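Visitor: Going by the numbering used here, the sequence shown opens with residue 227, and the numbers climb by one from there. Every residue, glycine too, gets a C-beta built ideally from N, C-alpha and C. These numbers come from a predicted model, not from an experiment.
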Amino acid sequence: MKLFKRKGRTISALILIVGMVMLVASGCTNTPALNSEKESASIPTVGGTIRIAIPEEPDTLDVQQSAMSMTDKISRFFGSNLISMDPDTKELKPSLAEEYTVSEDERSITFKLRSGITFHDGTPLTAMAYKYTFDRLLDPKTMAKGIAQQLNMIESISVTDDQTFVVHLKEPFAPFLYYLSTNAGQALSMEAVNKYGAEYGRNPVGVGPWKFEDWKTGEAITFVRNDGFQWADPFYENQGPARADKLQFKIIKDKQTTIAALESGSVDIAPFVEAKDVKKLRNHPDYYVEEEVKSGLGLFVSLNTESELLVDLQVRKALNLAINKEAIIQAQLQGEGVVADGPLSPSVFGYDQAVEAYGYTYNLEEAKELLAAAGWTKNASGHLEKGGKELALRLLTDNTYSKAAQLIQAMLGEVGIDVQIETMDFATLLEKGANGDFDLALMGYTYEDPDILFLLLHSSQINGLNLSKVQDSELDALLTKGRKTIDSSERKKIYADAQKRIVEQAYWIPVYADKQFHIVNKKVQGVKVSAGLWFLHDSWVADK
């Protein structure tokens, strides 16, 4: 039995479920310790409003009824989760759960809740509240979206006492704990759901640091501070109530209007800003930029391993060597990205840094040598040919990657490969990809857990998201083991082996992990961003 316990702000370091092992400083003060050289302006203060521009309006704030990412981003402020993921280390830690234990067969997880936690409507957070939450989620009548698929591994929930419940899984499933660090781990107030009925999504009630105040359709969603809040995630310095009085999400769908709102002072945080606008404001005296490498790959090329032209491993390796990733980053992202050496980005748990040594680097001459060794020679038209057949490839893309597609076409043309670009909407691309009607396809993904490799490369996902049609028994075994192994150190070893296998077999051409930018008015201090989420509990309004 494995024990994961929270004591104040210190986590037992015996075994951590998912994330890097790290000692966490203890202490529960509401105000961070200050260096004597810091100016008084850096001392956190109470009061004011933090205003965030959001590019889309949620359909509902009932986390079980929405599949929108914006619902997830906003719900984290009025709700809290059983487990939290440290934005810096990706380490999972008990949060609303004081501790949790995993059974030897890894099919049962027992959670013991922290005491004294109450919903905004005054009802206590109990084990029965979680049983109600998960039972509602899994009830077909709820017609839950998004998180229902994430938690369908739950077989049943049993309650031991007021503060203890057990989640019984159909089989061991390591990503389950990651899902509990998202809005899937939020408890619902049975009283509030019954009170508001179909209108609950417009009147959400949680246990988080912010209480719902108002939703003006098409304009803004406003929250007020929960003064009774004393159970912040363990990685925050501030363990008490939020410092600002109000938190407001202003709905501004146009990107340039968002920048104008930031410059006029009507919003304090402009998220998901494009690289061209970041370049203009990065050194502005009134703002600071929070940037991050996104969790996942912004671009990779899926190679159809069932295509007669790509069955040969030497050809797939040559394609990898012929791509100048830095040039694509400059053209597609204005230089604001990082080269991808393997199938995971550095911000995803399990990323193996060794891939930077064994991954393919741009080498045109070596690519030509591999193609020649594979029997391909240039014909009179300058295209590679073997057995009377030219090495001509169909590349599928949508408009997102138009610049990258043209560069890839030119780069492969330099070694004699004729590439024909076919541009379509993404839904059509996925359909053609699933049917194997392509040679190359430009793709990207965002995901925080390495189990994404199962979804994209396991043979069971052929005719689904495994566009490369990979049928590799060795890789299958690794990806299956990775999703069933909860111990983090063992899981990292498994995914290190999986990454090496994927690179060696050249199933993809990893191109880049892109960056994400959020511009913050300097009057709001202490903002942190990770995985596209805003971490504000240590933030304050310095200039009210």
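1. May I ask you to list the residues that DSSP assigns as paired with Arg620?
2. So what does Val393 bridge to, in DSSP terms?
3. Please check if any C-beta of chain B sits within less than 8 Å of the C-beta of Ala374.
4. So for Ile485, helix, strand or coil by DSSP?
5. Scan the region 545-627 and note each continuous alpha helix (DSSP H) run of 4 residues or more that stays entirely inside, going in chain order.
6. For Arg542, tell me which candidate among Ile343, Glu332, Ala732 and Thr315 has the shortest Cα-Cα distance.
7. I'd like the span of the alpha helix (DSSP H) that includes Lys177, first residue to last.
8. My parser needs the alpha helix (DSSP H) runs of 4 or more residues fully inside the region 385-453; what are they?
9. Can the beta-carbon of Leu679 be found less than 8 Å from the beta-carbon of Pro572?
10. Using only the alpha-carbon positions, how far apart do Asp769 and Arg469 sit?
11. Which residue from Phe575, Ala293 and Arg508 puts its Cα closest to that of Lys748?
12. Cutting at 7 Å between CB atoms, please list the residues of its own chain near Ala502, excluding the five before and the five after it.
13. Excluding the 5 residues preceding and the 5 following Phe304 in the sequence, name in chain order all residues of the same chain whose CB lies nearer than 7 Å to its CB.
14. For Ala487, collect the residues of the same chain with a Cβ closer than 8 Å to its Cβ; drop the 5 residues on either side in sequence, then sort them by chain order.
15. Determine the burial state of His510: buried for a count of at least 16 other Cβ atoms within 10 Å of its Cβ, exposed for fewer.
16. With a 10 Å radius around its C-beta and 16 neighbouring C-beta atoms as the bar for buried, classify Met669 as buried or exposed.
17. Could you please give me the residues that DSSP links to Asn747 through a beta bridge?
18. Report back the beta-carbon spacing between Thr349 and Glu417 to the nearest angstrom; my notes put them in contact at under 8 Å.
19. By DSSP, does Phe498 sit in helix, in strand, or in coil?
20. May I have the straight-line CA-CA distance separating Lys612 from Lys604, to the nearest angstrom?
21. Between the Cα of His185 and those of Thr623, Glu640 and Ala600, spot the shortest distance and give me the residue it belongs to.
22. Can you look up Thr344 in the DSSP assignment and give me helix, strand or coil?
23. From Gly423 to Gly662, what distance separates their C-alpha atoms?
24. Report buried or exposed for Pro366, applying the criterion of at least 16 other Cβ atoms within 10 angstroms of its Cβ.
25. Going by beta-carbon coordinates alone, are Ala667 and Leu701 separated by less than 8 Å?
26. If the criterion is Cβ atoms closer than 8 Å, does the pair Tyr627 and Gln579 meet it?
27. Are there 16 or more other CB atoms within 10 angstroms of the CB of Gln646, so buried, or fewer, so exposed?
28. Of all the options Gly273, Val393 and Glu657, which has the alpha carbon lying nearest to the alpha carbon of Leu334?
29. Have a look at Asn378 and Ala566 and give me their C-alpha separation to the nearest angstrom.
30. For Ser306, which residues in the same chain have their Cβ closer than 6 Å to its Cβ, ignoring the five residues on either side in sequence?
31. If you reduce the DSSP assignment to three classes, tell me which class Asp285 lands in.
32. Distance, Cα to Cα, Glu716 vs Val527?
33. Got a sec, what are the start and stop residues for the beta strand (DSSP E) Ile720 sits in?
34. Leaving aside the five residues before and after Ser382 along the sequence, list all residues of the same chain whose C-beta is less than 6 Å from its C-beta, in chain order.
35. Nearest to Gln375 by alpha carbon, out of Ala410, Thr297, Tyr358 and Gln742?
36. Measuring only the C-alpha atoms, how far is Ser765 from Glu595?
Guide: The answer reads as follows:
1. The residue you call residue 620 lines up with position 394 of the sequence shown. Arg620 is bridged to Gln646.
2. Locating residue 393 in the sequence shown gives position 167, where the first residue counts as 1. Val393 pairs with Ile335 and Ile383.
3. You won't find chain B in this structure, because it holds only one protein chain.
4. For this step, residue 485 is matched to residue 259 along the sequence shown. In this structure, Ile485 counts as helix in the three-state DSSP scheme.
5. Secondary structure in the region 545-627: the alpha helix (DSSP H) runs of 4 residues or longer, each lying completely within the stretch, are 551-559, 581-584 and 590-599 in chain order.
6. Numbered from 1 along the sequence shown, position 316 holds the residue referred to as residue 542. Residue Ala732 is the option with its Cα nearest to Arg542.
7. Since the first residue of the chain shown is 227 and the last is 770, residue 177 is not available in this structure.
8. 401-405 and 416-422
9. Taking the first residue of the sequence shown as 1, we reach residue 679 at position 453. Taking the first residue of the sequence shown as 1, we reach residue 572 at position 346. Result no, Cβ atoms of Leu679 and Pro572 do not sit closer than 8 Å.
10. Against the sequence shown, residue 769 aligns to sequence position 543. Against the sequence shown, residue 469 aligns to sequence position 243. In a straight line, the C-alpha of Asp769 is about 13 Å away from that of Arg469.
11. As a position in the sequence shown, residue 748 is number 522, starting the count at 1. Closest option to Lys748, Cα to Cα, is Arg508.
12. As a first step, residue 502 must be located in the sequence shown, where it is residue number 276. First, the residue type needs correcting, since residue 502 is Lys and not Ala in the sequence shown. Taken in chain order, the residues that qualify are Gln560.
13. Along the sequence shown, read from residue 1 onward, the residue named residue 304 stands at position 78. Counting only Cβ-Cβ distances below 7 Å, and skipping sequence neighbours, we find Pro430, Gly432, Gly434, Trp436, Lys437, Phe438 and Phe449.
14. Within the sequence shown, the letter at position 261 stands for residue 487. Counting only Cβ-Cβ distances below 8 Å, and skipping sequence neighbours, we find Ala279, Lys476, Ile478, Val493 and Ala496.
15. Within the sequence shown, the letter at position 284 stands for residue 510. Of the residues assessed, His510 falls on the exposed side of the cut-off, its CB having fewer than 16 other CB atoms within 10 angstroms.
16. In the sequence shown, the residue the question calls residue 669 occupies position 443. Classification for Met669: buried.
17. Working through the sequence shown from its first residue, we reach residue 747 at position 521. Tyr513.
18. Start at 1 with the first residue of the sequence shown, and residue 349 comes out as number 123. Start at 1 with the first residue of the sequence shown, and residue 417 comes out as number 191. At roughly 5 Å, the Cβ-Cβ gap stays under 8 Å, so Thr349 and Glu417 are in contact.
19. Taking the sequence shown and counting its residues from 1, the one referred to as residue 498 is at position 272. Three-state DSSP puts Phe498 in coil, outside helix and strand.
20. Reading the sequence shown from its first residue, position 386 is the one you call residue 612. Reading the sequence shown from its first residue, position 378 is the one you call residue 604. Spanning the two alpha carbons is a distance of roughly 9 Å.
21. Because the chain in this structure spans residues 227 to 770, residue 185 falls outside the shown range and cannot be described.
22. To locate residue 344, count along the sequence shown from 1; it is residue 118. Residue state, collapsed to three classes: strand.
23. Residue mapping note: residue 423 aligns to position 197 of the sequence shown, counting from 1. Residue mapping note: residue 662 aligns to position 436 of the sequence shown, counting from 1. Approximately 46 Å, taken between the alpha carbons.
24. Along the sequence shown, read from residue 1 onward, the residue named residue 366 stands at position 140. Answer is exposed; the Cβ neighbour count stays below 16.
25. By 1-based counting over the sequence shown, the position of residue 667 is 441. By 1-based counting over the sequence shown, the position of residue 701 is 475. Going by C-beta atoms, Ala667 is not nearer than 8 Å to Leu701.
26. The residue labelled residue 627 in the question sits at position 401 within the sequence shown. The residue labelled residue 579 in the question sits at position 353 within the sequence shown. Result no, Cβ atoms of Tyr627 and Gln579 do not sit closer than 8 Å.
27. Here the question's residue 646 lines up with position 420 in the sequence shown. So Gln646 counts as exposed.
28. Looking up residue 334 in the sequence shown gives position 108. Per the sequence shown, the amino acid found at residue 334 is Ser instead of Leu. Residue Val393 is the option with its Cα nearest to Ser334.
29. The count along the sequence shown starts at 1 and reaches residue 378 at position 152. The count along the sequence shown starts at 1 and reaches residue 566 at position 340. Looking at the two C-alpha atoms, the distance is approximately 32 Å.
30. As a working note, residue 306 is residue 80 in the sequence shown. Closer than 6 Å at Cβ, skipping near neighbours: Leu322, Val433 and Gly434.
31. Here residue 285 corresponds to residue number 59 of the sequence shown, with the count starting at 1. Three-state result, Asp285: coil.
32. Walking along the sequence shown from the start, residue 716 turns up at place 490. Walking along the sequence shown from the start, residue 527 turns up at place 301. Spanning the two alpha carbons is a distance of roughly 29 Å.
33. Start at 1 with the first residue of the sequence shown, and residue 720 comes out as number 494. Note, Ile720: premise wrong, no beta strand (DSSP E); alpha helix (DSSP H) at Ser714 to Glu730.
34. Position 156 of the sequence shown holds residue 382. Cβ neighbours of Ser382 beyond the five flanking positions: His394.
35. Position 149 of the sequence shown holds residue 375. Nearest option by C-alpha distance: Ala410.
36. Taking the first residue of the sequence shown as 1, we reach residue 765 at position 539. Taking the first residue of the sequence shown as 1, we reach residue 595 at position 369. Rounded to the nearest angstrom, the two C-alpha atoms are 56 Å apart.
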